[in-house]
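Going by my numbering, 27 is the number at position 8 of the sequence shown; the sequence numbering is gapless.
Don't be surprised by glycine CBs; every beta carbon is placed ideally from N, CA and C.
Source: prediction; values computed, not measured.
Beneath this line is the structure, given in structure tokens, with notes to follow.
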Amino acid sequence: MKFLFNFSRENKIPIELIYINDAGKLTHRAVVVRNFTSEVILTLDIRKQQFRTFKRANILSAAKQRRGWKVANNI
């Protein structure tokens, strides 16, 4: 996943995350990675244009977007 996070951060290209929060709710998000550590990932949610922080342990899946790449503006 580290390679994918670096790819998104350096190229400002969205990736898709499937995430489970602490309450057990699954979410599917298109995000651009801004920064990451071994424990958390700071991202920009493409649809809502808001910053989000995700725990790496709660990320179930991460992949390049399947609908084609869109370079994120205003980052």
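On the three-state DSSP scale, how would you describe residue i?
| i | result |
| --- | --- |
| ALA76 | helix |
| ARG85 | coil |
| LYS21 | helix |
Cα-Cα, which of the options is closest to residue i?
| i | options | result |
| --- | --- | --- |
| PHE24 | LYS67, ALA42, GLN69 and SER57 | SER57 |
| GLN69 | ALA42, LEU79, ARG48 and PHE22 | ARG48 |
| ASN40 | PHE22, ILE32, SER27 and PHE73 | PHE73 |
What separation, rounded to the nearest whole angstrom, lies between the Cα atoms of residue i and residue j?
| i | j | result |
| --- | --- | --- |
| ILE37 | ASN77 | 9 Å |
| ILE65 | ASN54 | 15 Å |
Tell whether a beta-carbon distance below 8 Å holds between residue i and residue j.
| i | j | result |
| --- | --- | --- |
| ILE60 | VAL52 | yes |
| LYS83 | ILE34 | yes |
| ARG71 | THR62 | yes |
Taking the runs of the beta strand (DSSP E) that are 3 residues or longer, which of them lie wholly in the stretch 33 to 71? 34 to 39, 45 to 55 and 59 to 64
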